[in-house]
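Asker: Got a structure here, written out as structure tokens. Questions coming.
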Amino acid sequence: MKKIRHLQAKLLVAGAVIALVGVAWYQLTAFSVAEPTPAELLIAQNRWPETDADSLYDGYKTFTTRCTKCHGLKNVGRFTETEWASTLNKMAKKAKLNEEEKENVKRYILTEREYLLSPRPAKARI
Ligand code: HEC
Numbered sequence: 035m036k037k038i039r040h041l042q043a044k045l046l047v048a049g050a051v052i053a054l055v056g057v058a059w060y061q062l063t064a065f066s067v068a069e070p071t072p073a074e075l076l077i078a079q080n081r082w083p084e085t086d087a088d089s090l091y092d093g094y095k096t097f098t099t100r101c102t103k104c105h106g107l108k109n110v111g112r113f114t115e116t117e118w119a120s121t122l123n124k125m126a127k128k129a130k131l132n133e134e135e136k137e138n139v140k141r142y143i144l145t146e147r148e149y150l151l152s153p154r155p156a157k158a159r160i
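Residue numbers (our numbering): 35 to 160.
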């Protein structure tokens with residue numbers, strides 16, 4: 035009886051450790067994005083001058099709602115621009131985006147990507 039209780043306690047501790055590692059792993063690897071900032075709008079307008087805050091926000095909305103129907107939020111920094119171009123062609127069809135939605139989400143993804151990957155002074159990194 036004592037032995038069984040000892041084993042149960044061990045299993046409980048092991049289970050708790052596995053759960054904690056799982057949560058920590060998820061927290062460290064999960065990718066998230068925030069609403070586009072004025073700084074990101076400037077990056078977008080640098081490339082596509084006619085971009086406005088509304089269309090960039092629309093791209094953000096599409097990315098965070100319609101592009102997460104089948105899988106989690108994809109890390110925009112994990113793919114090159116060339117990879118994004120071909121992936122987006124495929125995914126826009128899967129998400130049934132119209133031309134405007136596709137263009138907005140493309141601009142949002144490439145802007146966010148540039149923003150995340152651009153070198154900044156070490157002090158400015160959070
Ligand atoms: C109908 C389901 C569905 C929707 C909606 C969808 N995807 Fe996907 N996505 C998939 C599947 C399935 C895969 C993995 C197989 C593949 O690469 O085709 C995938 C893979 C990916 C990948 C990884 C590609 C790689 O080469 O590793 C990226 C990035 C991606 N999707 C982005 C998006 C974006 C951005 C959107 C919104 C425009 C989107 N997905 C919407 C189903 C979907």
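Even glycine gets a Cβ: it sits at the ideal position worked out from N, Cα and C.
1) Could you pull the start and end residues of the alpha helix (DSSP H) that Gly93 belongs to?
2) Does Arg112 come within less than 8 Å of chain D when only Cβ atoms are used?
3) Candidates Leu150, Glu146 and Leu107: which alpha carbon is nearest Tyr91's?
4) For Tyr94 and Ile38, I'd like the C-alpha separation in whole angstroms.
5) Contact between the segment 120 to 135 and the segment 95 to 105 is defined here as three or more beta-carbon pairs at a separation below 8 Å; is this criterion met?
6) Hey, which unbroken runs of the alpha helix (DSSP H) at 4 residues or more fall wholly within the segment 40 to 86?
7) Residue ranges of each alpha helix (DSSP H) run of no fewer than 4 residues wholly in the segment 103 to 159, ordered along the chain?
8) What separation, rounded to the nearest whole angstrom, lies between the Cα atoms of Gln79 and Leu151?
9) Does the Cβ of Ile52 have 16 or more other Cβ atoms within 10 Å, making it buried, or fewer, making it exposed?
Answerer: A quick look at the data gives this:
1) Ala87 to Thr99
2) In the displayed structure, chain D is absent; only one protein chain is listed.
3) Glu146
4) 54 Å
5) yes
6) 72 to 81
7) 115 to 128 and 133 to 151
8) 18 Å
9) exposed
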